[in-house]
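Everything below concerns the one structure shown next.
Residue numbers (this note's numbering): 4 to 179.
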């Protein structure tokens, strides 16, 4: 008799489990279909439009470029104890030019106005470093150049690096 009771209870549990899973499936089946439709649609879109992927990568790389040439990040990354003004200036300018050359091909994938803003930002950063160096004595330590440029940046009402990043974000949002 125990076997019959066990089989009965097992059958009740199996039927209850099947009913629960079936009810759950019917409640979320539209969500599952939508998920797979969107997933396959995105994959198809990437296959149909590989340029979109390249454009997004270009915007990502330019975002990194902007962050790397931002004086707040640049001077921290290049700081070395005991550098002279001239040594730090050369290091900073070489770093900016190297970063720019590394990312110059990204102009193929982004809008011309945005590329022009990025290029102007690079030129303005170089000019800011050179002007800061000119306003200091030739024998000044490199930390004075950092301080001078960062003080200049603090005096600017709208941070041009943040504004350029906002422009890139707007461009990306136009893609979708």
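Cβ coordinates follow ideal geometry from the N, Cα and C atoms, glycine included.
In the structure shown, what three-state DSSP assignment does residue i receive?
i: residue 144; result: strand
i: residue 73; result: coil
i: residue 139; result: coil
i: residue 112; result: coil
i: residue 98; result: helix
i: residue 160; result: coil
Under the rule that 16 or more other beta-carbon atoms within 10 Å means buried, what is residue i, buried or exposed?
i: residue 73; result: buried
i: residue 19; result: exposed
i: residue 29; result: exposed
i: residue 36; result: exposed
i: residue 78; result: buried
i: residue 125; result: buried
i: residue 136; result: buried
i: residue 32; result: exposed
i: residue 58; result: buried
i: residue 120; result: buried
i: residue 42; result: exposed
i: residue 132; result: buried
i: residue 123; result: exposed
i: residue 151; result: buried
Between which two residues does the alpha helix (DSSP H) holding residue i run?
i: residue 85; result: Run containing residue 85: none; DSSP gives neither H nor E here.
i: residue 166; result: 163-178
Near residue i, what residues of its chain come up, given a Cβ to Cβ distance below 6 Å and the 5 sequence neighbours on each side ignored?
i: residue 91; result: 145 and 148
i: residue 109; result: 61, 64 and 65
i: residue 94; result: 81
Quick one: residues in its chain with C-beta nearer than 7 Å to the C-beta of residue i, no 5 flanking neighbours on either side, listed in chain order?
i: residue 174; result: 62, 113, 114 and 117
i: residue 127; result: 163
i: residue 143; result: 88
Please work out which residues of its chain come closer than 8 Å, Cβ to Cβ, to residue i, disregarding the five sequence neighbours upstream and downstream, and give them in chain order.
i: residue 178; result: 55, 58 and 59
i: residue 17; result: none
Counting Cβ pairs, one atom from each stretch, are 3 or more of them under 8 Å apart for the segment 53-67 and the segment 162-171?
yes
I'd like to know if the segment 97-104 and the segment 149-156 are in contact, where contact means that at least 3 CB-CB pairs between them fall below 8 Å.
no
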